[in-house]
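>
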Amino acid sequence: MNRTARIGVDVGGTFTDLVLHDEALGVTAIGKRLTTPEAPDRAIVEGISQLLADTGTAIDRVDSVVHGTTLITNTVLERTGATVGLITTEGFRDILEMGREIRFDAEDLHARPAPAIVPRHLRHGVPGRMRADGTEHKPLDEEAVLKAARSLVHGSGIDALAIAFLHSYANPAHEIRARDLVHEMFPDLLITLSADVAPEIREYERINTACVNAYVQPIVHGYLDQLEHELAGIGFTGQLSIMVSGGGITTIDQAKAFPVRLLESGPAAGAIAAAFLATAAHEPRVISFDMGGTTAKMCLVENGRPHIKHEFEAGRTEKFRPGSGLPLRMTVVDMIEIGAGGGSIAAVDDLGLLKVGPRSAGSVPGPVAYGRGGRQPTVTDSDLLAGYLDPDHFLGGDLALTLPDVQRAVHALADRLGVDAPSAVVGIQDVVIENMAAATRMHLAERGRDPGRYALMAFGGAGPVHAYALAKSLKIPRVIVPAGAGVMSAFGFLVAAPTVDDVRGYPVPLTAVDWDKVTTLYTDMETRARRLLQRSTTADPVITRTADMRYVGQGFEITVALPDGMLGPGHEDDIRQAFVETYRSVFGRTIRDGTPEFINWRMSARLSATEVGLAYQPSPTAAARGRRAVYFTGFGVLDVDVYDRYTLQPGTTFAGPVLFEERETSCAVGPDCTVTVDPHLNLVIDLITDAA
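In terms of the numbering used here, the sequence shown has 590 at position 582, counting the first letter as 1, and numbering is strictly consecutive.
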């Protein structure tokens, strides 16, 4: 049987979303199940089995399953990972406490940094040292390495080991030798080298990255082994792939070796889907707005690519406060994430004011409306009372919403606020919108962008519900709601390209570059990338080279695209010009007579993405299936026509107010809008700016 079916699976904090696509048969099907946090693989396997049954697809027709998970993020947040030991350079074991020597909140005397992932008694320093240029200053004390390993394994019972020596990005020989020594003594011990996971300058971030990788590695090994076993149990013999935080997909072996790179795999999928859809819709500038059950994620997508950055902060003590977590060196999609989802809890704070999020009801117990034991009203509960959701058709009727319980919970909240219930509902809506708008404004302002020049691409179970109000708050003139918006992150897994991102640290001024060394660095990176990608296909990858650069004397870098072809003498002027133009676009100025300096050399090898169409086959006619009272920001409660999203033909237009419902979400737009169904069956919502 031909293997032409592929399945994308996104495990979120509240729902597990699935998309099945069979290119040969022209079949696309979607599914959504409540996440099973105690055993995430159960919801995955049950969801896949249901999709196969619904579409009549045999399991041996499925070529691949592409997966993203919040397991790694949750493990770091909840500190439920492995017992990890660290072997580092003598005199540097306290660097995890010293960190950057800054406070994330200078005004809060009680603010505390995120605790080190490896406690001090499990960190051992050993003699031996490399210089910054990669030459050996002091030989590695091999007996000290073995003594430290015996102490950590026999004395402390560690599950995994991180080895991170000073300047190993320039020369990893000591780390490699230490690993070989420990592996010979303890062949089953999982070992992470900082030179493998983050071969870059800045030892604090590099050591942190190695420690976090080791911290989550045993649980990821166990989870992926169990998932493979469960999938095999239903007859799956295809390839299981995992999305990495930078938006590409990788093999199970690479995911097990570098699980830290999976921290943002789920959110990245949404941005990749938004980029794919923006290209198809010929929208050059889009704000990806992914609002699910637990969080809302915003990302800038320009010219078909989401913004990328090379650092990430994990395990924040204040979840949405920069600086309160563990800084890591890794490639991630550049997005902002806030605690605003359908499950975000509305409550009264110590000042008697309404607060929405960041606490979430998650999938257990979930919003009050789910009837699973929730008692505190959430955004989803207010959406129900605001008229956005139909209690009898939520998830296509698979999950009936309990309206009386929601009314009681919101009345109780209103009593505490001293207002009536409708005012409490409006308050929840206004607060959650303003939370998201404020975060989006800050994210764009930091990048010198004006939201009015972008379209808003709204998806996730709650994204289309709140897209109209968010666009009005941000003065965004256009909203795009794709078909299948409720499971768009799962769709992103199917259109993501197999990718290998790599980096090498080599700090040097532009005027003193050893171009033979640079050629060797890129040759090594490209050889490794081609070897890994050949497991997916024999096609030739597209190679992109960039560098982290700054002026000599500065402390932070910008990423600059390097010219194609050979690098060497004679290209300095081109590189200098590329740096100056990039620097000016970021900061609005340049430094006269400043000398550009390289810090890191980066390479991305990417195969072609798969073209996938998610659009449903519309019914012959689009007729309103009823009317409902719906609340709209600035207009109050209005009676509107309700349309089944699956009946809408390309080219159909509507004047607001109107509400569209589909299985996983709904979208309501006010009277200051026109709506067009485009050829891809996206809802293109144009706000009339004079009225907005």
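All residues carry an ideal CB built from backbone N, CA and C; glycine is no exception.
#1: Check Pro127 in the structure and name its three-state DSSP category.
#2: State the DSSP-derived secondary structure class of Gln657, mapped to helix, strand or coil.
#3: In chain order, which continuous runs of the beta strand (DSSP E) of length 3 or greater are located wholly inside the region 118–165?
#4: Does the Cβ of Ser202 have 16 or more other Cβ atoms within 10 Å, making it buried, or fewer, making it exposed?
#5: With H, G and I counted as helix, E and B as strand and the rest as coil, what does DSSP make of Ala377?
#6: CA-CA distance, Ile250 and Ser368?
#7: Are the Cβ atoms of Gly350 and Gly301 separated by less than 7 Å?
#8: Could you have a look at Glu310 and say whether DSSP puts it in helix, strand or coil?
#9: Pull up the distance between the alpha-carbon of Asp413 and that of Leu407, whole angstroms please.
#10: Considering only C-alpha positions, which residue in the set His175, Ile171, Pro207 is nearest to Val190?
#11: Below 7 Å CB to CB, which residues in the same chain sit around Ala699 once its five sequence neighbours on both sides are set aside?
#12: What first and last residue would you give for the beta strand (DSSP E) that runs through Glu669?
#13: Where does the unbroken alpha helix (DSSP H) through Phe587 begin, and where does it stop?
#14: Compute the Euclidean distance between the alpha carbons of Gly136 and Ala157, then round it to the nearest angstrom.
#15: Apart from the five residues just before and just after Val560, which ones in its own chain have a Cβ nearer than 8 Å to its Cβ?
#16: Can you tell me whether Ala475 is helix, strand or coil according to DSSP?
#17: When DSSP builds the beta bridges, which residues end up paired with Gly76?
#18: So Ala218 and Ala206 are supposed to be a Cβ contact under 8 Å. How far apart are they, rounded?
#19: I'd like to check one pair, Ile488 with Val692: are the Cβ atoms closer than 7 Å?
#20: Just list the alpha helix (DSSP H) runs in the region 423–459, keeping only unbroken ones of 4 residues or longer that don't cross its boundaries, in chain order.
#21: At 3 residues or longer, and completely inside the region 309–362: list those beta strand (DSSP E) runs for me, N to C.
#22: Go ahead and pull the three-state DSSP assignment for Val205.
#23: What is the DSSP secondary structure of Tyr559, counted as helix, strand or coil?
#24: List in chain order: all unbroken alpha helix (DSSP H) runs of 4+ residues lying wholly within the region 206–278.
#25: Relative to the C-alpha of Leu646, which candidate in Ala676, Leu478, Leu308, Phe320 has its C-alpha closest?
#26: Does the region 235–252 come close enough to the region 70–79 that 3 or more CB-CB pairs lie under 8 Å?
#27: On a CA-only basis, which of Leu117, Gln234, Ser612, Ala124 is nearest Arg87? Give me that one, please.
#28: Determine the direct distance from the alpha carbon of Gly435 to that of Arg410, and round the result to whole angstroms.
#29: When DSSP labels each residue in this structure, what does Lys483 get in the three-state scheme?
#30: At a cut of 8 Å, does the region 473–481 reach the region 574–582 through at least three beta carbon pairs?
#31: Which of the three DSSP states is assigned to Gly500 in this structure?
#32: Restricting to Cα atoms, I'd like to know which of Gly381, Ala13, Thr684, Val27 is closest to Met496.
#33: Return the CA-CA distance between Leu232 and Pro490, expressed in angstroms with no decimal places.
#34: Measuring straight from C-alpha to C-alpha, what distance separates Val19 and Gly230?
#35: Taking only three categories from DSSP, how would you classify Tyr530?
#36: Would you list the residues sitting across from Phe640 in a DSSP beta bridge?
Short version:
#1: coil
#2: Residue state, collapsed to three classes: coil.
#3: Entirely contained in the region 118–165, the beta strand (DSSP E) runs reaching 3 residues are, in chain order, 131–134, 144–146.
#4: buried
#5: In the three-state reduction of the DSSP assignment, Ala377 falls in the helix class.
#6: It is roughly 26 Å from the alpha-carbon of Ile250 to the alpha-carbon of Ser368.
#7: yes
#8: strand
#9: 15 Å
#10: Ile171
#11: Model confidence at Ala699 stands at a pLDDT of 41, short of 50, so the residue's coordinates are unreliable; what they give is reported in the following sentence. So the list reads Asp680, once near-sequence residues are dropped.
#12: According to the DSSP assignment, Glu669 belongs to the beta strand (DSSP E) that extends over 666–669.
#13: 580–595
#14: 16 Å
#15: If we look at Val560 and ignore the five residues flanking it on each side, its Cβ neighbours are Pro517, Gly602, Thr603, Pro604, Glu605.
#16: helix
#17: Asp18
#18: 7 Å
#19: yes
#20: 429–453
#21: 320–322, 334–336, 343–346, 352–356
#22: helix
#23: Of the three classes helix, strand and coil, the one that applies to Tyr559 here is strand, per DSSP.
#24: Every alpha helix (DSSP H) stretch that sits fully inside the region 206–278 and reaches 4 residues is listed by chain position as 211–241, 260–265.
#25: Ala676
#26: yes
#27: Ala124
#28: With the sequence shown as reference, residue 410 is identified as Thr, and Arg is not the correct amino acid for it. Roughly 21 Å separates the two Cα atoms.
#29: coil
#30: no
#31: helix
#32: Val27
#33: 31 Å
#34: Val19 and Gly230: Cα-Cα distance of roughly 17 Å.
#35: helix
#36: Under DSSP, the beta-bridge partners assigned to Phe640 are Gly644.
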